[in-house]
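Number of protein chains: 2
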Amino acid sequence: MAQLSDSIERFIKDMMEDGAQIEVRRNELAQHFGCAPSQINYVLATRFSVDHGYIIESRRGGGGYIRIVRMGVNSPENLLSALLQRIGNSIDEDSAVAIIQNLLDRRLVTLNEARIMRAAVAKNALALPVSAKDVLRASVLSGMVRQVFQNAEEGK
Amino acid sequence: MAQLSDSIERFIKDMMEDGAQIEVRRNELAQHFGCAPSQINYVLATRFSVDHGYIIESRRGGGGYIRIVRMGVNSPENLLSALLQRIGNSIDEDSAVAIIQNLLDRRLVTLNEARIMRAAVAKNALALPVSAKDVLRASVLSGMVRQVFQNAEEGK
DNA sequence: TGCTATAATAGTCAAAGTAAGTCAACTAGA
DNA sequence: TCTAGTTGACTTACTTTGACTATTATAGCA
């Protein structure tokens, strides 16, 4: 029997056939497959992670939802993952600036966007010991880079 | 089902389309949406806070009302310093998001820029103990806000 | 006129309702 | 047997409601 997780994965991907994003109710989906709601989280975590090129947004409470967004891996095939890999979990300011410049050169961000990003990773934006700064800068920059690709995807 | 709160928020913002302020009767509004009057207070508290760029004035008793005022800004300089002051050296994620939304509402940033900024201050962008996160978020956000104003200045 | 009672409003807060997230223990298939 | 998959109890977050409180205008009365 095809694994439940596989079926759910397929189901979600089918729903995303046309359109870069969908919204689902976790409970509805779970009910549809007759499984525990947390099973949905499992599928999302294992098949729709950032590494897989997706971003998950959600909201709890009444009217809650889970939104699954496919990130565009635009121009050069795996630019996004290459960048994320380059950033890793620690990066110095100069390298960060270079990456942002790269995005600008490729016209993946506007000049204003690039400036905002630079401001976010500037050394004086991170009031911490130097080594910690690099770690933090990496996570802030990764978040922004992912967002840039998501923006690009949606704009298509 | 679109959330009641969301509908009410939309309704109010539509009413404010032209004009920086409106006045409503809490009970009327509640009746219009078929909900408890205090629901209106909830919407105001969560979507029309000062961080969102609104001021609420009201009066009880006969002829009572609730006035919703979109904060005007005499000059960008004032807004900038107001925002920086609000950010201070520590700010939680919700407030940061509200401030970014405020910038977007005022069209000081584009949707894509706003998204990038949100990504930079998201909790998962800051892998640190919670209290430290707020401090860091404040400095990152301040840096970006300053940059936004600088961009605007240059664009003129 | 000046005071008081009443009606008309809005504010606050806590409880209940709704929905997603986490985590650790259990299960089953390769 | 080992790992991916599955489940359920518990936690966190957001929304909605209702009971109770506070404030203000006004009508009626002394």
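Protein chains in written order, with the numbering used here: chain P, 140 to 295; chain R, 140 to 295. For each residue, glycine too, the CB sits at the ideal point set by N, CA and C.
Spanning the alpha carbons of R/R225 and P/R198 requires a straight line of approximately 26 Å. Sequence-ordered contacts of the region 190-218 of chain R with chain P are nonexistent [C-beta pairs closer than 9 Å].
Proximity of R/N241 to chain P, defined by a Cβ-Cβ separation below 8 Å, is not satisfied. The alpha-carbon of R/R164 is positioned some 42 Å away from that of P/Q170.
Listed in chain order, the positions of the region 278-292 of chain R with a beta carbon within less than 8 Å of a beta carbon of chain P are S278, V279, S281, G282, M283, R285, Q286, V287, Q289 and N290. By the 16-neighbour rule on beta-carbons within 10 angstroms, P/D145 is exposed. Within chain P, no residue has its CB atom less than 9 Å from the CB of R/R225, the nearest being about 17 Å off. Distance from R/A259 to P/A259 at the Cβ level is roughly 4 Å; contact confirmed, criterion being Cβ atoms closer than 8 Å.
In the pairwise beta carbon analysis, the region 149-167 of chain R is classified as not touching the region 278-285 of chain P: fewer than three pairs are separated by under 8 Å. Separation of the CB atoms of R/V208 and R/Q240 is rounded to 17 Å, and the pair is thereby denied contact status at 8 Å. Under the rule that a run must span 3 or more residues, the beta strand (DSSP E) segments found entirely inside the region 188-263 of chain R read 193-198 and 204-209.
Looking from the CA of P/S177, the closest CA among P/I147, P/G227, P/S234 and P/S229 belongs to P/I147.
As DSSP reads the structure, R/V163 sits in a beta bridge with R/I205.
In terms of Cβ geometry, R/D273 and R/I238 do not form a close pair [threshold 8 Å]. In chain order, V260, R276 and L280 place their CB closer than 7 Å to the CB of R/A235, counting only its own chain and leaving out the 5 sequence neighbours on each side. From the listed residues P/R186, P/G173 and P/L243, the smallest Cα separation to P/I195 is found for P/R186. Under the 10 Å beta carbon count, P/Q142 is surrounded by fewer than 16 other beta carbons and is classified as exposed. Contact of P/M155 with chain R is not assigned, every C-beta pair being separated by 8 Å or more.
In this structure, P/N251 and R/N290 form a Cβ contact; the two beta carbons are roughly 4 Å apart against a cut-off of 8 Å.
Assigned with DSSP and collapsed to three states, P/G282 falls in helix. Counting other Cβ atoms within 10 Å of its Cβ, P/R254 reaches 16 or more and is therefore classed as buried. Cβ-Cβ separation between P/L219 and P/F288: approximately 5 Å, consistent with a contact (criterion under 8 Å). The residues I238 and V284, in chain order, have a CB closer than 7 Å to that of R/L222 in the same chain once the five nearest residues on each side in sequence are set aside. Between P/I255 and chain R, the shortest Cβ-Cβ separation is below 8 Å. Approximately 13 Å separates the beta-carbon atoms of R/G211 and R/D244; this is outside 8 Å, ruling out the contact. Minimum Cα-Cα distance from P/D231 among the listed residues P/M154, P/L183, P/N180 and P/R257 corresponds to P/R257.
Closest option to P/G203, judged by alpha-carbon separation, among P/E162, P/E156 and P/L247: P/E162.
Per DSSP, reduced to three states, the secondary structure at P/M154 is helical. Interface residue (Cβ-Cβ distance to chain R less than 8 Å): P/A175 is not classified as such. Using a CB distance cut-off of 8 Å, P/E232 does not count as an interface residue toward chain R.
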